[in-house]
Amino acid sequence: MLRKALGYICILVEQILRIGLFAFIGFSFLYGTNCIYFNFDQPPSPFSNSSNTLTSFSELFIPVSQCVKNEFGIAMWSLVIIFSTVLIYKLYQLIDKAWKYKDIQQFYENVMKIQKYGLPNITWHEIVARLREVQHEQQICVNNTDLNELDISHRILRTTNYMVAMINKDILPLKQNWWFIGEWIYFPTQLKRILMFLLFDNYFLSPFKAPGKLKEEYKKREERIRCAEELSRTIKIVGIMFLCLAPIVFCWSILSFFVNYSGYLKLEPTFFNTRRWTGYAKLHLRHFNELDHELDKRLSRASKPANEYMRAFSSPLTVVIINFLHRVLGFIVAFIAVWGIIKEPIFTLPYVLVVISVGGIAFSVMSTCVPDENEVLCPNELMEKIVAHIHYIPSHFITSSHTTRVRDEFANLFSCNYAIVLGELLSPLLTPIVLLWYIQPRTLEIVDFLRNFTVHVDGVGDVCSFALMDVSKHGNPQWLDQGLTKANMQQQAEDGKTELSVLHFALMNPNWQPPASSSVFIQNFREQVASAAKDEHSGVQSLAYCNSLHSVATLGSKYASLVNSIDQSMHQSYPRSSNSLQSSSLRREKVITSGMNHAEGPPYHAQNGIWTSVTEVENINPIEARAADMSLSALFLHELHDKQMGSLTSPDQSRCEQQQGVETGEESPLLELRMGENNYVQ
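Mapped onto the UniProt record's numbering, the consecutive letters of the sequence shown carry residue numbers 1 to 682.
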């Protein structure tokens, strides 16, 4: 976090301002409830009679001492005590974090020799390399002589990997089917924090007694019922507590909403009609051991085609109605505004300013709902581009990408801001319901998951076994060559999660030594790419891979537009000049030395690239090449998967030309993992 926040001072100021915002919202709530004459023209306001005239805006505010003495009752004093307790606890957390971040800063500067002014221009790969050097010199980790990239990722992403795996295996029931809105994936920030607290962070109540140490009773099969009952009781208590506090927390959420979004309502109302990736998507689409900045970069590149895909769906009837309302509303607002300019007393009439303000906001929002008449969008092509970046989608997303069903399912991942904000606003009311009616009944499955899929790694502690990225234990036969995995249905990761995670981590960490079966998988995949390239190039002169990524488009006609999209997104993600790559070495140097703290992988060409191994990459930026390499690997692996599943009838046929049904499988019983041996037994 210190590297991401670019220094100790930045992160400390950020934490202080967060507490300051919390105090501001709390004071505004307590003071505004009783100490402001909102209805100043009615009793008990002193300005309700003609003898007292309101001459200043400040007269509407009751002095704090007078308000506390006359207006504060038992209920208000109870809120003051609750608010003060939370504020003191946050201040304690701030002091504790400040000392910890100070220690981290000193470790960076004194041990790793990384000064604060160098943080923006140092890659994560360089930090890992220096950390490994320090380990060799000082043995900061006493259990291991060496720290590899995977060990470091396990320590940072331990709980995140568990959450990614539980969502991948559908252990957490986040998909609710409510009769009045259909299927809805509800995963607000408050629910995520509570789940992290209950399952990982609270070492008294959670299954973990310390970071990387699962409680012994959770490792024993004979204790599974008792552990599930304890966890169920804990979730029930927390759920009831939040249900009782729901009115207070809901009022707090409303006030927080106005503090955070009132500026958007007035100055940029179209913000609420734009889209972004949901909290559920950021876990569902995440690779095992993928760092935050790598995920953010990948999803940001997918945002443009995702927006275009959602714009490709518009009801003609809806467009006609919106166009009509858009014109009528625009005329009404303009008419009142012009009339008020000519006759100023118009603005003193009741609700005139309200009509102008609300009408202006509605006009702006409707403007974004009217599609561009000159824009022609192909859902199938856009979904291909989305897959190249997000990597994880069901097969029917491509074969049926033109349908409203897929559009609605994809909207759960890439939702409008107003839906996300509304979900966060209602979370104080809905989160207790989800905990009590959906999460609590699944505690036995959660306990079994933790027991079955927790392994001990020397020097690291207990980690999620999926995060080891061993295809022999968690690979899916539908995504692998025959004989590479021994996993059954319950052990398999879904949607090619293990296979894509292996490719991603190996590409971002060229020095990583994967497990034997994963190494074979990578080698087989590389050979399939080389074979496909050779087949496509037979009898045709190969295109040079020097100034662009377009040569990889020779693997199939559908890749041409995709690679162009990847190339454009790379230009947006990293600073580029208009000069060619060959004509300016200074330009390449600028890319590799500016803002490198968010770069994906090392700033040099990796020899283990899947696509770059069959092409020439001397004149392409290595960071761009690596991101494109992963995008094309994901797309190619999806196509191999579809061919293996029989969704393609010929090698040259595109997935989007095929239609296939969605298969559902019966879940097999959970397996018991023998701790410390990395093997599974029935």
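C-beta atoms are modelled at their ideal positions from N, C-alpha and C, and glycine is treated no differently.
Model, not experiment: these values are computed from the prediction.
- About 6 Å separates the beta carbon of L291 from that of W124, a gap short enough to meet the 8 Å contact definition.
- In the three-state reduction of the DSSP assignment, K100 falls in the helix class.
- L119 and M112 have their C-alpha atoms roughly 12 Å apart.
- Per DSSP, reduced to three states, the secondary structure at V463 is strand.
- Taking a C-beta distance under 8 Å as the contact criterion, V333 and I361 do not qualify as a contact pair.
- In this structure, L191 sits away from S28, with a CB-CB distance that is not shorter than 8 Å.
- Per DSSP, the continuous beta strand (DSSP E) segment holding C416 begins and ends at 414-416.
- In the three-state scheme derived from DSSP, where H, G and I count as helix and E and B as strand, W179 is classed as coil.
- In summary, W277 is buried, with 16 or more beta-carbon neighbours lying within 10 Å of its beta-carbon over all protein chains present.
- By the neighbour-count definition (other C-beta atoms within 10 Å, threshold 16), H284 is a buried residue.
- Shortest Cα-Cα distance from A312 to any of R132, P371, R286 involves P371.
- DSSP, reduced to helix, strand and coil, places H456 within a strand of the structure shown.
- The count of Cβ pairs closer than 8 Å, one atom from the stretch 146-153 and one from the stretch 439-453, stays below three, leaving the stretches out of contact.
- Under the 8 Å Cβ criterion, the stretch 182-202 does not count as touching the stretch 483-502, having fewer than three qualifying pairs.
- Put simply, the backbone Cα of K215 is about 6 Å away from that of P207.
- For L214, the secondary structure class from DSSP, reduced to helix, strand or coil, is strand.
- When the alpha-carbon of F505 is set against those of G423, D296, M630, Q440, the nearest one is in M630.
- DSSP places R276 inside the beta strand (DSSP E), whose first and last residues are 275-277.
- Inter-residue distance for V259 and G26 is about 11 Å (C-alpha atoms, whole angstroms).
- Looking at the DSSP output, F61 shares a beta bridge with I36.
- Take the alpha-carbon of E308 and the one of A530: they are about 33 Å apart.
- In chain order, W184, Y186, Y438 place their CB closer than 7 Å to the CB of Q176, counting only its own chain and leaving out the 5 sequence neighbours on each side.
- For K209, the secondary structure class from DSSP, reduced to helix, strand or coil, is strand.
- Pairing P515 with D462 gives a Cβ-Cβ distance that is not under 8 Å.
- Take N168, set aside five residues on each side of it, and the residues of its chain with a beta-carbon closer than 8 Å to its own are H284, F466, A493, E494, D495, K497, in chain order.
- By the Cβ-count criterion, H136 is exposed, with fewer than 16 other Cβ atoms from all chains shown falling within 10 Å of its own Cβ.
- According to the DSSP assignment, C369 belongs to the alpha helix (DSSP H) that extends over 352-369.
- C-alpha of G212 to C-alpha of M163: approximately 14 Å in a straight line.
- One alpha carbon belongs to C416, the other to F288, and they sit about 27 Å apart.
- Taking the C-beta atoms as reference points, V365 is found nearer than 8 Å to N273.
- With at least 16 other beta carbons inside 10 angstroms of its own, W479 counts as buried.
- Assigned with DSSP and collapsed to three states, W437 falls in helix.
- In terms of Cα proximity to W512, the closest of V447, P602, G423, I16 is P602.
- Within a 10 Å sphere around the beta-carbon of G279 sit 16 or more other beta-carbons, which makes this residue buried.
- Partner residues in the beta bridge of W184, as assigned by DSSP, are Q176.
- Per the C-alpha coordinates, the member of S472, H391, Q491, N488 positioned closest to H641 is H391.
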